[in-house]
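Below is one structure, written out as C-alpha cells, with a few remarks after it.
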Amino acid sequence: MRIRLYILATFIGLIAATTAIPNKPEKREFVESASTFVCPAKSGNSNTNGVIHVGAKAVKSALIDKKNRPLKKGKDRSLSISTKARVIEGESGTPILLASKPSTWLALTQCTSSSGEFWFVGGTSDVSSLGYFQFTNENLGKAIIDIELWSEDGSEGSRTLTIPARSTKNYSLTTFMPGKNLTAFNVISRSGLVNTTLLDERRRGLTPYGADFVPVSAAPDKNVIMVGVPGPKFSKKSKITSQKIRIFVPGETDAIIQVNYLSKSGIFAPVGLDSIRVPAQRVVEVELPELPNDQLFSLQLRATEPIIASTVTRGTFDKRRELIWSGSAQKNQDSKIALPERSGYLSIVSSEPKVSFVVVKSGGKRSTVTMTTDPMGLWKVPDTAREIQFSAGAPPKLLAITIESISGVASAPLAPAQSKEVTTLPVIDSTLLIPDSNSLN
Amino acid sequence: MSVESSPAARVSAIVVSHNGARWLPEVVAAISSQVRPPDYLCAVDTGSHDGSVELLRNSRIDVLEIAGDSGFGGAISAALSQLPPIEPEVEVEWLWLLHDDCAPAPEALAALLEAVAARPNVGVAGPKILGWHDRSHLLEIGVTIAHNGARWTGLERNERDQGQHDGDGALPVLAVSTAGALIRRDLFEEIGGFDENLPLFRDDVDFGMRAHMAGYSIICVTSAKLFHAEAAATERRAIDVAGGAFHRPHLLDRRHAAFVLLANLPLWTLPWITLRIFVSAIMRAAGYLLAKLPGYALDELAAVALLFTRLDRLRSARQMRRKNRLLPARVIRPLLAPWSEQIKLGALRIRDLLLRRVERVPEPVVGNVFSDTDDSDDGELLAPVHSGFWRQSLTKPLVITALPLLLLSLVASRSRFGSLSGGALAQVGPSAFDYLEFYGQSWHSLGIGSGRSSHPFTALLALLAASTGGNPALSIAIAFATAPFFALLTMYLFLRRTGVGKWNAALSGLMYATSALLFTSLDSGFVSTVILIIFLPLIALVALPIFTQPETAVSWRRISVITIALGLTSAISFQILISALLFALIHLIYLRVQGFDSHVLTKRALIYAATVCGSFIMLAPWNLSNILNPSQFLVDQGAPAPIGSGLRALLGNLQPFGHAPSYVMSATLLIGVVALFSRKAFIDSLAILSSIFLAALVSSIAVTSVGNSLSQRIWPGGFLVLAIFFASRSLAILSEGRLERLRNSSFGRSHVATVAVVIFTGYCMVANTLWFISSAPSAPVKANYSSVLPPFIATVTENADRPKTLILRTSSSVNSIGAQSFSYVVLRERDVRFGEISSLPNESPILTRTISEITAGAGNAPAANLAQFGIRYLYLEDSRRNKALARKIDSIGGLTRLSATPDGILWEVSGLTSRIRFQPTGQEVESDTEAIEMPSELVGGEFDLPSAGRVNVAEAFDSRWRILHAGRIITPKETQLGLMEFEIPESGRAVLFHDGILHRAGISLQLAMLGLLLFLALPRGRKQSEFTDEEVA
C-alpha cells in the first residue's frame, strides 16, 4: 500500500511539475517596416549639380534603372546626383539633397519615400517657367498615376501618366496647364508607388529668377504651419522683394483663413490677414505685409476648411535673384535627419517650450542642443553638423532648414520622410492549408 | 464380395521391403488376413539392415534379396523373374504390389478383384489409401500429375474419409499408387514394367500414363482400403536407390515429376511444359525460402538442373514409349489435374496458411482474469440451443452495444458524408498511388520546395486505402463515420481474447469507443489518433505477449511480428514507440524488483532493444531526416491545432480548437487511480498514469511544426490513446467477478471505489455521446469540397512555367498596439493534402520579410522578391474585411490587380515568375538582356540553353540539386534570397534533377528491414521428417 501511495504522490508531483513548463504558444513578432528613400535625379537638360547628404558613410544605396541593382554601401556621406534617381536604404537618417546651378540658384529638398499621394502648391506654368515634375518609379512594375490640376481659374482637369518600372520621368510644368500662373497639383497613384519632386525654376528672357524645390505639402488641414520662411534680416546682403502665401482649398467650400507670424520676437497677426476668404478649388496668392524683423520666421494658418499652403519668397541675395519655397511639413518625433554639410539655420516650432536634440558632427562627435521654442527656435547649423537626432518620445515639432551659398538661398521643411509602420511579422501558417479554417479569427 | 467372383484370376503378391521392419509385422498380418488371399506371395528386399529379411522369412515368405540401390521397379522385375509361369487354365494373372509400409484391409484384394472382373478393359486397379496412424485420413483415391509436375490427389489437406469420394465404387484415374496396386501381368510385361529411370517416386504415375496409352484403363476401387505410412515420401527412412541424388527424397520426387511429364506428353507441348517446370521450380523454391526451408528450395532447382544434364535418358524414354503405345498421348490429358481445381486448392492452402496461428503456443492469459471468467465459449457450446435467430443475436452483449453505437455514429456523421477536411485535417487525396509516389519523392513541390522526407503514415495511408479500392479520401470518410463502432469491436475482441467475459468486454469496449479522445479527434480531424484507437487493440493482441511470456518462450518469430506491429503503430504515432520504450524500462525495473537474475534481465532487455530498434529503423528515412530535430517526432501529421492546457489531459479532453466543452471527459484517471490499489490491474495502472503524465508533459510543450512560424502545443494523441486503452482493460479486469466479491464482503472502500467508477464512467459515456451527436454540425471537420487555392488559379499554375501563388490571410481584429496579424502560405498547382503537411518546407525569413513589406506597403521592391521566389499570384482572402490592405497592395509597384470578389482579391506579380529562369551572360550577350523562362516539370526539368548564363530555380536552396549539362554535373549556389542558382558555362541541353540517393537509401533501409522482419515473421515450414506420424498419415 505504501508503494502505491508513493507512486500516486509521484504522479501528482510530476503532473504539478508540468505546469511549471513555460508553455505559452509563441507570441507574434512585431516588425517596424521602413520604406526606402528616393532622391531625385538631376534634370537632363541643364547643367545643374547636386549632392545627396546621407547620415552615415555605410548607408546603402543604388541608382534606379532597369537592372534592379542591389543596394551597396557608400564610401562617403555625400553622393553626387546623376541623371538617374537614387534609392537609399530606409533605416538611415532622412537624406537631404542640395542642388544648384552655379551662380544661378540653389535648391534644397529632402529625399522621400515612394508614396501613393503627393500635394504640391507651387510652381507656375507661365512663360517664365522652366520648372518640371520628376516622377521616379523604383519598383519592378509600372506605376500609373493621376495628376489633378488646379490654377487660379479653378480645376484644370487631370492627366494620367504611366511611369515604367525602375525609371525616372521628367515633365515640364508648362505641359500641364500652359499659361497658368498659380498652380497646385495632387498626384495620386492608381497602381504602384512613385516618388514625386517638383522643381520650380524661373527665367524671364536671359535673366534667371532663381529656383527651388516646391516642398511636398502635408495633407490638407485646418491648421497649417510653414516653418523657416526667410525674413528681412536673413542676411546682410539680402533684400526680399516679394513674399506671398499660395493657398489652395481642395474642398467644395470656401475657407476663411487667419494668418499669424511666429518668430523669435513672438506671435503677432499682421493687419489684413486675420480673415482672408479663399475660394474653394482655386489657387490664390496672398501678399504678406509687415514682415517680422527677423532672420527667419514661421507662418501659422488657421482655416475653417482644410487647406494646403506654401510660401514663396522672392528677392535678391548677394545681388542674385532667387526664389525660395517654404512649406508645411509633417511633425517630427523620433527621427534622424541628415544635414547638408553647409552652415545655415534650423527653424523649429513646437508646442513645447524647449526642444532638445543630438547633433552628430563630422568626426562622429555627438552633442546635445537644447533651445527654447517659444514660439519659435532658431539654431545656427555649423557646417560640421552631419545629422540631428530626436530621441524617442520627444514632443512633436516642425523643422525647416534654410541655407545660403554663392549660388543662392534655399529652404526645405524637414520631415520624417520615412513611412514607418509597425505590423505583425507575417507568419507562415499551415492551418491556412485547411479549407474554411479560421484559426486566426 | 467373394473369391469366387473371379475364378480364373491368379494373384501374385509381391512385397518390396527396404528397412521396413517397423511396419512389416502389421503388413504381413494384413496380407495373411485377406478374405481372398493372394495365390502366390513373395518378397523382395533391397538391402535392408534392420532385420526386415529375417522378419519376412520368419513369416514363411520367400524373400529375394537384391542390391540395396535397386529401385522399386527393379525389385518388381526381379520378383517377376522368380514367379511361376502363367498356367494355361488361368485367364489372367494379376500382380498385387505391396510396400513394406502399407497394410491392406482384409477385403482389399477381394474388392479389387471384384472390380476388375466386372471391367475387362481395366489394366490397373488400386485401393483407396488411408493414413497408417490416422486411419480416417484420406491420402489417395488415385493419383495424377499437375501441369507443373506436382503430384495431384485432388484431396484437401488432412481430408477425412467419409465416403465422399466413393462414387459407384470404381473411379477412373490416371494412375494409382504402387502401394496396393493390382496390375495385369501381361500389361506389365507388355509395356516394359516400371521405367528404370524412375527407381522411386512417380513411377506409378508414369506407369499409369503408359498403361493408358497402351489402351488400358485404371481405376481406384474405393471399397478396397489400404493403410499407408508413406515412409519414403515423408522421410521416415533413407533413400538408397541408385542415382538417388544425395539421398534427398524431395529432389528425387521433383526430378522424376519433370521426367514423367517430358517423357509422356506430346512433343509439341514440351516447350510449354519445360517453361512451366522452370517457372514453377523457381516459384516453389521462393516459397520454400520464405518458409525457411532452403534445402527444399535447393532441391527444386537442383532437380530441374540434374534432369536437363541427362537429356539422353529422356530421349530414349520417349522412344521406348512411342514404340509401346497404342493410343496417342492426348488420351491422358483429360486425366491430368484440371486448372480450376489446382487454383481452388492453391487458394485454400493460402487461406490455411494465413489462418494458421502465429505460434503453436497457447495464447497468453493476462493477469488473473482468465480464471475469473465464468462464461466461456465452451459454456456457450454446451448451452441448450434456443430457437429464434433474431432473439439470440439481439441479446448478445456485443450486438446490444455495438449496433446502437453504429447508428449513433452515423447520425453524428450526418455532416461528414463526403470528402472531409477541417480542423487539423487537410483535404485527403483521391489516389493511393499519388501518396505512394509522394512518399518516394526526395523533393516535394510544396510551398517554396522541401527536401524533407515524408512521414511513414503517408505510405500507410496508401496501404489502408486498398480497402476502398485505392481511394484514401473514402477510407478516411468511412473510418470517421464508423470509428466508434470499430473501436468497440476491436476492443471487445481484444478483451475477449484475453479472457474477459462478454458483458464486461462489451461495456469496457463501449467506454473505449465513447471516450472524449475519440470524439474530439473525430470532430477535430486527428486522423492518426482515430486510426490508432481503432487498431491499437488488435496490435496489442499481438504485442502484449512480449511482456507476459517468459523470455525463453519469446521466439525470434514472435519478436519480428511484434516489431512489425510496433513499427506500423509508430508510423501512425511516434508517441507509441516512446511509450513502448518507457514501458519496457518500467517492466525491466519491475522484474529487477521482483528478484529476477541478471541473465533473465539481459535477455529480456535484448528482446526489447531489438523490438524498439527494429521498429525505429522501419520508420526510415523520415526518422533519419528528423534526428537532429527530435521534437518533430512528437508532432501529429495534421495541421497544428490549438489545444488547451496540459492539465486537461487528466480528464482526457484537451479541447482542440476550443470545440469540446469541459463537461466532455474521460474516466481514465479515476480508473487509473483505482487500479493502482488493485493487485490484478496494478501494472495497467502504471501504464495509465505514465501515459497520462506523458500526455500532460508533451501537451505542455510548444514546438514549431514544420511549415509553420508559430509554435503550438503538441497534440498527445498517442499517449492518450494508450491511457484510454489501458483504462478500458483495467475496467474489464477490475469488473470481472467484482459484483460477487462485493456481495460477499462487508461495506468498505472497495464499494465506494466501485460506485464512483461506475457513476463517473456512466456519466462520461452518456455525456460524451450526447455531445458528439449534437455538436457534429458545428464541428471543424465536415464534408467540404472547397479549396484554398481558387480553381481558376489552379488551372493556370499547371502550365510549364509552374508559378506559385501566395495566399494571404488577415486576422479579423487588431492587437493591443493596433497591429494586424497576417498569415500566409505558398501553394502550387493545388492545395496541400493530408499526409503532405509533415513535409512542408521551413519558413524562409526573406520571404516572410518580403511579405511584411507588402502588408506594410513599404520596402525595397517587395514584388520583385516575390517574382524571384516564382510567385506569380498574390491572393488576399476576404476582400470585404481587407479594403485598407488591398489599397496598400494596389499601390505597391509590381502588383497588378486581376480580379476582386467578396472571397478575395487576386494580384499578378510583374516580371518573370517562372519556376526556372535563365539569365544569359558572357561577352557576346548584351548587358541588358532579360532573363528568359524555361519549361519545368513538377520537380525537375529539361531545357535547351542558348548561351552561357545562370539558371535560377525558384526552390529553397538544397545542395542535392544538380544540373547535368554537356556531360558534367553542376551544383547549385545559394542566392541572397535562399534560392538556387547554377552557373552554366556554355549553351546546350540541361537536365535539372534532385539527387535523391540518400532518400532512396533510407527507403531501401526501411524496405530491407520490413522484408527481413516479414521473412522472420512468416511461419517456418516443416520438413516432412518433422511432421508427426499422425500428421502425415
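Taken in sequence, the protein lines are chains Y and E. Using this note's numbering, the first residue of the first sequence is number 9, and each one after it goes up by one. Using this note's numbering, the first residue of the second sequence is number 708, and each one after it goes up by one. Here a beta-carbon is modelled for each residue, glycine too, at the ideal position from N, C-alpha and C. Note that the structure is predicted; figures quoted are calculated from it, not measured.
Listed in chain order, the positions of the stretch 1670-1688 of chain E with a beta carbon within less than 9 Å of a beta carbon of chain Y are Q1683. The beta carbon of Y:D326 lies closer than 6 Å to those of K245 in the same chain, with the five residues before and after it left out. For the stretch 1581-1608 of chain E, residues whose beta-carbon sits nearer than 9 Å to a beta-carbon of chain Y comprise E1584, R1594, K1595, D1597, S1598, I1599, G1600, G1601, L1602, T1603, R1604.
E:N1451 counts as exposed, since fewer than 16 other C-beta atoms from the protein chains shown sit within 10 angstroms of its C-beta. Of all alpha-carbon atoms in Y:L281, Y:G236, Y:I72, the one lying nearest the alpha-carbon of Y:L386 is that of Y:G236. Here E:Y1219 is buried. Its C-beta has 16 or more other C-beta atoms within 10 Å. CA-to-CA, the gap between E:A1593 and E:E1584 works out to about 10 Å.
Per DSSP, reduced to three states, the secondary structure at E:K835 is strand. Judged by beta-carbon spacing, E:L1393 lies within the 9 Å limit of Y:I15, meaning their Cβ atoms are closer than that value. Annotation: the continuous beta strand (DSSP E) that includes Y:G335 extends over 328-335.
With contact defined as three or more Cβ pairs closer than 8 Å, the stretch 261-269 of chain Y and the stretch 158-166 of chain Y are not in contact. Interface with chain E (9 Å Cβ-Cβ cutoff): Y:D437 is included.
Scanning chain E for C-beta atoms nearer than 7 Å to the C-beta of Y:L22 yields F1400, reported in chain order. Taking a C-beta distance under 9 Å as the contact criterion, E:S1286 and E:F1384 do not qualify as a contact pair. Nearest to Y:V363 by C-alpha distance, out of Y:A346, Y:Q397, Y:S351, is Y:Q397.
For E:E1007, no beta strand (DSSP E) run applies; the uninterrupted alpha helix (DSSP H) run containing it begins and ends at 1001-1016, by DSSP. A residue is called buried when at least 16 other Cβ atoms come within 10 angstroms of its Cβ; E:L1721 does not meet this threshold and is exposed. Counted as a single uninterrupted DSSP element, the beta strand (DSSP E) harbouring Y:C47 occupies residues 45-47. Shortest Cα-Cα distance from E:E733 to any of E:P1679, E:T753, E:S766, E:Q789 involves E:S766. About 6 Å separates the Cβ atoms of E:V831 and E:A888, confirming a contact at the 8 Å cut-off. Rounded to the nearest whole angstrom, the C-alpha separation of E:H806 and E:T1259 is 44 Å. Of the candidates E:H1701, E:S1711, E:N1659, E:G1728, E:H1701 places its Cα closest to the Cα of E:W1150. Using a Cβ distance threshold of 9 Å, Y:L79 and Y:V62 do not count as a contacting pair. Against chain Y, a Cβ distance below 9 Å from E:P1363 picks out nothing, because the smallest value is about 11 Å.
DSSP places E:I1408 in no alpha helix (DSSP H); its state is neither H nor E.
Taking Y:T324 as reference, the option from Y:F242, Y:S351, Y:I171 with the minimal CA-CA separation is Y:F242. Taking a beta-carbon distance threshold of 9 Å, Y:S199 counts as an interface residue toward chain E. Shown here, E:Y1470 sits in a helix according to DSSP, grouped into three states.
With a threshold of 9 Å between beta carbons, E:G1232 makes contact with chain Y. Here E:L1052 is not near E:D1006, since their CB atoms are 9 Å or more apart. The beta-carbon distance between Y:S136 and Y:R210, rounded to whole angstroms, is 5 Å. This is short enough to meet the 8 Å contact definition. Between E:L1335 and E:A1356, the alpha-carbon positions lie close to 28 Å from each other. For Y:T182, no chain E residue has a Cβ inside 7 Å of its Cβ, as the nearest lies near 28 Å away.
The residue among E:L1248, E:S1305, E:L1284 with its C-alpha nearest the C-alpha of E:A1316 is E:L1284. For Y:K369, the enclosing beta strand (DSSP E) begins and ends at 362-369. Neighbours of E:D1538 in chain Y, taken as residues at a C-beta separation under 8 Å, are given in chain order as L441, P443.
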